[in-house]
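Taking the numbering used here, the leading residue of the sequence shown gets 64, the next gets one more, and so forth.
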Amino acid sequence: MSSNLEKYHGIIPAFYACYDDEGEISPERVQMLAKHYLDEGVKGLYVGGSSGECIYQSVDERKLVLENVMEAVGGKMTIIAHIAATSTRDSVELAKHAASLGVDALAAIPPIYFVLPENSIESYWREIIEATDLDFFIYNIPGTTGYALSVDLLVKILKHPNVKGVKNSSMPVQDIYLFKRHAGRDIVVFNGPDEQFIAGRMMGADGGIGGTYGVMPKLFMAADQAVRDNNNKLAREIQYAINDIIFSFFKCDGNMYSVEKEVLKRKGLDIGIARKPLAPITKGDHERIDTIVAMIDEAYAKYA
Numbered sequence: 064m065s066s067n068l069e070k071y072h073g074i075i076p077a078f079y080a081c082y083d084d085e086g087e088i089s090p091e092r093v094q095m096l097a098k099h100y101l102d103e104g105v106k107g108l109y110v111g112g113s114s115g116e117c118i119y120q121s122v123d124e125r126k127l128v129l130e131n132v133m134e135a136v137g138g139k140m141t142i143i144a145h146i147a148a149t150s151t152r153d154s155v156e157l158a159k160h161a162a163s164l165g166v167d168a169l170a171a172i173p174p175i176y177f178v179l180p181e182n183s184i185e186s187y188w189r190e191i192i193e194a195t196d197l198d199f200f201i202y203n204i205p206g207t208t209g210y211a212l213s214v215d216l217l218v219k220i221l222k223h224p225n226v227k228g229v230k231n232s233s234m235p236v237q238d239i240y241l242f243k244r245h246a247g248r249d250i251v252v253f254n255g256p257d258e259q260f261i262a263g264r265m266m267g268a269d270g271g272i273g274g275t276y277g278v279m280p281k282l283f284m285a286a287d288q289a290v291r292d293n294n295n296k297l298a299r300e301i302q303y304a305i306n307d308i309i310f311s312f313f314k315c316d317g318n319m320y321s322v323e324k325e326v327l328k329r330k331g332l333d334i335g336i337a338r339k340p341l342a343p344i345t346k347g348d349h350e351r352i353d354t355i356v357a358m359i360d361e362a363y364a365k366y367a
């Protein structure tokens, strides 16, 4: 693996949207959360993706978030900016803005809403790639976009030297093997589904980007280290603990991001609530979140 790709190896939390008490972007809370993850020792941050509630934010709001992340931790950790938007024009604008701030790389899902042919998806990605000199990662997340990255398109896109790999959030871990096998050169593949982190790593993923990393980053760091140490038993134990926590999120009435934000709040990190239509937590969720916090604390005591 080329040494210039090492900065993408490891645990990279997907950065949560940070709002003030009126539901507006809070620069202070963005910086607070970014500095928290720096202190936790993660490899980097993935800013402006699903966990960042990007589709519910304006272009200017997304710029404001990234500006404050970079002010807080720019140059101190790897920063990947997800810049896909509802139009190519907005995506390119966000890409150029991210480049002006000095981020390490860009990433983008395929175009959203309309079901487009693969040649249109290719054109969309190419316009973003060619808008800057930054490294670029394809974001493959068929569960929300309806498009599953084909090996054929990946091979075509990889002919551009700025394309460094894939953030892969498809469920079959065989996709990680296929992307690595047919790339034709060194690339980085990030495991996306948090519930199968170690499976993705063992299949060849170089690291992970995930939405639940943000409430328990040291568990994922411990699982990653166990994989590096070839300690499969320990890696599996940690993954089971992680999964029990994740499955507990889904027992709540509130959206997962709402639950995660409440968990952080109980840890002293108030970043507001999720934007509607993401469901807020309910009165009944508080007891469930008590259990989740206790589960995280117990797993930290054992593994982190």
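Glycine residues also receive a C-beta, built at the ideal position from the N, C-alpha and C atoms. A quick note: this is a predicted structure, and the numbers were derived from the prediction, not measured.
Coil, strand or helix - residue i by DSSP
i: Y79; result: coil
i: F253; result: strand
i: Y176; result: coil
i: A97; result: helix
i: I204; result: coil
i: N182; result: helix
i: K126; result: helix
i: Y210; result: coil
i: V136; result: helix
i: K227; result: strand
i: L108; result: strand
i: G277; result: helix
i: G263; result: helix
i: M64; result: Confidence is the limiting factor: at M64 the pLDDT is only 45, short of 50, which leaves the residue's position unreliable, though a coordinate-based value still follows. Three-state result, M64: coil.
Range covered by the beta strand (DSSP E) that runs through residue i
i: H145; result: T141 to H145
i: D333; result: Premise fails: D333 is in no beta strand (DSSP E) and is neither H nor E.
i: A158; result: Taken as a continuous stretch (DSSP letters only), A158 belongs to no beta strand (DSSP E), being part of the alpha helix (DSSP H) at T151 to L164.
i: L241; result: Premise fails: L241 lies in the alpha helix (DSSP H), Q237 to H245, not in any beta strand (DSSP E).
i: A171; result: A168 to A171
Whether residue i touches residue j by CB criterion (7 Å)
i: K346; j: I334; result: no
i: A407; j: F200; result: A query on residue 407 cannot be resolved here, the shown segment of the chain reaching from 64 to 367 and no further.
i: A342; j: N306; result: no
i: I301; j: A286; result: yes
i: N225; j: I192; result: yes
i: G271; j: F242; result: no
i: I359; j: M279; result: yes
i: M266; j: Y240; result: yes
i: G263; j: S232; result: no
i: V122; j: P76; result: no
i: A298; j: I250; result: no
i: A97; j: V128; result: no
i: G277; j: Y79; result: yes
i: F315; j: D348; result: It should be pointed out that residue 315 corresponds to Cys in this sequence rather than to Phe. In this structure, D348 lies closer than 7 Å to C315 by Cβ.
i: H99; j: K126; result: no
Same chain only: Cβ atoms within 7 Å of residue i, ignoring 5 sequence neighbours per side
i: V218; result: H245 and G247
i: T354; result: S311
i: Y210; result: P173 and I184
i: L101; result: V136, K139 and M140
i: D238; result: N231
i: V236; result: Q259, A262, G263 and M266
i: A148; result: V122, S154 and L157
i: V290; result: I261, R264, M265 and A298
i: T151; result: Y187 and E190
Nearest-angstrom Cβ-Cβ length linking residue i and residue j, presumed shorter than 8 Å
i: L179; j: E130; result: No, L179 and E130 are not in contact; Cβ-Cβ is about 31 Å, not under 8 Å.
i: D269; j: K227; result: Their Cβ separation, rounded to whole angstroms, is 10 Å, which puts D269 and K227 out of contact at 8 Å.
i: E258; j: S213; result: Wrong, their Cβ atoms sit about 24 Å apart, outside the cutoff.
i: T141; j: Y71; result: 6 Å
i: I88; j: C81; result: 7 Å
i: L282; j: A367; result: 6 Å
Delimiting residues of the alpha helix (DSSP H) encompassing residue i
i: L197; result: Looking at the DSSP string, L197 is not in any alpha helix (DSSP H), and its letter there is neither H nor E.
i: L297; result: N295 to F312
i: A364; result: D348 to Y366
i: L341; result: No alpha helix (DSSP H) holds L341; DSSP gives it neither H nor E.
i: V322; result: M319 to R329
i: L282; result: P280 to R291
Close beta carbons around residue i, own chain, < 6 Å, minus the five adjacent residues each side
i: M95; result: none
i: A158; result: I146, L169, I191, A194 and T195
i: A304; result: A362
i: R338; result: E116 and Y119
i: T208; result: I172 and P173
i: P368; result: With the chain running from 64 to 367 in the structure shown, residue 368 is simply not present.
i: L68; result: V251
i: P90; result: N131
i: M64; result: Residue placement at M64 is poorly supported in this model, since its pLDDT is 45, which falls under 50; the coordinates still yield a value, given next. For M64, where only same-chain residues beyond five positions count, the Cβ hits under 6 Å are D249.
i: R369; result: Outside the modelled stretch of the chain, which goes from 64 to 367, sits residue 369, for which no answer is possible.
Beta-carbon contacts of residue i that lie in its chain and below 8 Å, excluding the five residues immediately before and after
i: H145; result: Y109, V110, G111, G112, G115, C117, L169, A170, A171, I172 and Y202
i: R329; result: I352 and V356
i: D153; result: V122
i: L221; result: A246, G247, R248 and I250
i: D84; result: G335
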